[in-house]
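What follows is a short report on a single structure.
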Amino acid sequence: MQQKRSNFSSKLGFVLAASGSAVGLGNIWRFPYLAAKYGGGTFLLIYLILAVTFGFSLMIAEIAIGRKTGLSAIGAFKMLDKRFGFLGILASAVPIVIFPYYSVIGGWVVKYFTVFISGGAGTSAADDYFSTFISGTFEPLGWFFIFLAVTALIVLCGVEKGIEKVSKIMMPILVVLTLVISVYGLTREGAMEGLVYYIKPHMSDVSAKTILAAMGQLFYSMSLAMGIMVTYGSYMKKDNHLESSVRQIELFDTGIAFLAGLMIIPAVFAFSGGDESALSAGPGLMFITLPKVFASMKLGGAIGTIFFLLVFFAALTSAISLMETIVSIFRDKFNWSRKGACIFVAVLALIMGAPSSLGFGPLSFISWMGMSVLDIMDFVSNSVLMPIVAFFTCIFVGFFIKTKSISDEVRVTDGKFKAEKLFTVMIKWVAPIFLLLILLSSVGGALGIDFLQALSV
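If you want it as structure tokens, here you go:
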């Protein structure tokens, strides 16, 4: 017997929870790094255009599929068309792969927050501090376990009492903290040069690589092609307007991503004397460069503490959505209780995440194409599985269940779907082409092949 589906109590609760899912480490460190790498204002402009077209259309499709079926991804696609049962399995695999290693990084954030709040800002700025920490055995595992336990406890409390309640508290705090640090960073000497670089587009920087990088970030940033929005859609009430909810989620997500760039790029520019290479990729930016920036500031210890609290909230809201999606998958598939599913998923994540945590120390001998265990998991989920899931979702909606079935679900509340024409064109024709290019480009890049250059020859 199918269990009664949980629901968000209000549209605000849904929007904040879905926004919390979208706002994560991808916004706080990945977006600023890519913006710096691909021309600052140029990348920002392209990202904004893609967010309100490509991102909007995919999010509409995923949330509508979830609300229409009342199921998580593993059951939703199969219910609408049995031939696409495989898509539900692929979509479900994405959060199962991401959640364990994401929680490892979440543990690093908790570690740095405790270091800063205990007055260790200067210590954390040492060149080898981060590498020494992650190459350990028991300490990284311990912080990983703490972050995982906090996430599991919130998910265990359920949709309304756990996820919605926490999101209503954390999301407004997240916005306020981001604004505080952004304003403070802009007052530093030399920060204005970084601000100009960040917000001023240069058409000479526009390229196929910039567009694909922005679109790839969109997936990561907006929690698309992970089964998350399908799951959250299944908890959405029919009287909540779907189109306006998606617009509000976009506004939250893109606004936080913009503020993250505003918070980080001018500050790092000021610290490095305008050296763009200081905005290094991935963990290096957040755990190596930024502690040096905070150590060089007046009140740097306090600002660093607020920053890592902000990052913790961002990481936690995304981790909650990842875990809730996996819990929902197992509950739908095996009719388990929430408690049983939460315990099983937590233990599974602990087992799967341990190699990523140990991959910089005892298991550092395990590598592929120069990537650590954590990097391999990230590549498989973000560069391979997510574009494949998104591509087949577009084909599924555009040519099998038809875009009208999604449009009808959007119109359930008040009979309106203002952006229906845009949605139809994006899902059927534009998005699938871009998604194939993203997949080929990312896989080619990992194999040392410049796919875009090969195409232009």
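Here the working numbering is used: position 407 in the sequence shown is 528, and no number is missing along the way.
By construction, the Cβ of each residue, glycine as well, lies at the ideal position given by its N, Cα and C atoms.
- Please classify Met418: does DSSP put it in a helix, a strand, or coil? coil
- In the DSSP assignment, find the unbroken alpha helix (DSSP H) run with Glu364 in it and report its ends. 363 to 393
- Taking only the alpha-carbon atoms, compute the straight-line gap between Phe513 and Ser224 and give it to the nearest angstrom. 28 Å
- Message: If you follow the alpha helix (DSSP H) that Tyr159 is in, where does it begin and where does it stop?
- Response: That residue, Tyr159, is in no alpha helix (DSSP H); it is neither H nor E in DSSP.
- Task: Could you tell me whether the Cβ atoms of Ala335 and Ile554 are closer together than 8 Å?
- Result: no
- With DSSP run on the structure shown, which of helix, strand or coil describes Met313? helix
- Query: Would you say Thr190 and Ser355 are within 8 Å of each other, going by their C-beta atoms?
  - Reply: yes
- Sheet register partners of Trp264 (DSSP bridge): Trp264 is not bridged to any residue.
- Message: Taking the alpha-carbon of Thr534 as reference, which of Ala440, Ser365, Ser178, Ala212 has the nearest alpha-carbon?
- Response: Ser365
- Task: Using only alpha-carbon positions, find the residue among Gly147, Phe129, Leu146 that is nearest to Ala139.
- Result: Phe129
- Task: Please report how far the alpha carbon of Phe392 lies from the alpha carbon of Ser493, in whole angstroms.
- Result: 30 Å
- Report back the beta-carbon spacing between Gly257 and Ala435 to the nearest angstrom; my notes put them in contact at under 8 Å. Not quite, the Cβ-Cβ distance comes to about 25 Å (not below 8 Å), so this is no contact.
- Thinking C-beta only, is Ala552 closer than 8 Å to Phe178? The displayed chain sequence assigns Ser, not Phe, to residue 178. A contact, by the Cβ cut-off of 8 Å.
- Do you know whose CA, among Met313, Lys330, Gln369, lies nearest Leu561's CA? Lys330
- Burial state of Gly394 (16 or more Cβ within 10 Å): exposed
- Task: State the DSSP-derived secondary structure class of Ile149, mapped to helix, strand or coil.
- Result: helix
- Query: Near Val137, which residues of its chain fall below 7 Å by C-beta distance, leaving aside the five closest residues on each side in sequence?
  - Reply: Strictly speaking, residue 137 in this sequence is Leu, with Val absent from that position. For Leu137, where only same-chain residues beyond five positions count, the Cβ hits under 7 Å are Ser288, Lys289, Met292.
- So who's on the other strand from Met547, going by DSSP bridges? BP columns for Met547 are empty, so no partner.
- Task: Please check the pair Ile226 and Ile210, which I expect to be a contact at CB under 8 Å, by giving their CB distance rounded to whole angstroms.
- Result: The pair is not a contact, with the Cβ atoms about 26 Å apart (cut-off 8 Å).
- Work out the CA separation of Lys523 and Phe175 for me, nearest whole Å. 17 Å
- Give the DSSP bridge partners of Trp489, in chain order. Met492
- Task: Can you grab the Cα-Cα spacing for the pair Met180 / Val518, in whole Å?
- Result: 12 Å
- Item | Close Cβ partners of Met473 (< 6 Å) along its chain, the five nearest in sequence each way excluded | Pro221
- Query: How many Å lie between Ile594 and Gly348 at the Cα?
  - Reply: The requested residue 594 is not part of the displayed model; the chain covers only 122 to 578.
- Length of the line joining the Cα atoms of Phe205 and Leu316: 46 Å
- Task: Answer with buried or exposed for Asn503, where buried requires no fewer than 16 other C-beta atoms within 10 angstroms of its C-beta.
- Result: buried
- Mind reading off the beta-carbon distance from Thr446 to Thr352? Whole number of angstroms is fine, and I expect it under 8 Å. 5 Å
- Query: Any idea what DSSP makes of Ile349, helix, strand or coil?
  - Reply: helix
- Burial state of Leu406 (16 or more Cβ within 10 Å): buried
- How many angstroms separate the CA atom of Ile545 from the CA atom of Val367? Going by the sequence as given, residue 545 is Thr instead of Ile. So the two alpha carbons sit approximately 16 Å from each other.
- Could you please give the first and the last residue of the uninterrupted alpha helix (DSSP H) stretch that includes Ile619? Examination of residue 619 is not possible in this model, given that the chain is present from 122 through 578 alone.
- Message: How far does the alpha helix (DSSP H) with Ser224 in it extend, from its first residue to its last?
- Response: 206 to 238
- Message: Whole angstroms are fine: how far does the CA of Pro216 sit from the CA of Ala511?
- Response: 14 Å
- Leaving out five residues before and five after Val271 in sequence, what residues of the same chain have Cβ atoms less than 8 Å from its Cβ? Leu437
- Query: With 16 other CB atoms within 10 Å as the buried threshold, where does Ser458 fall?
  - Reply: exposed
- Query: Would Met324 be called buried (16 or more neighbouring beta carbons within 10 Å of its own) or exposed?
  - Reply: exposed
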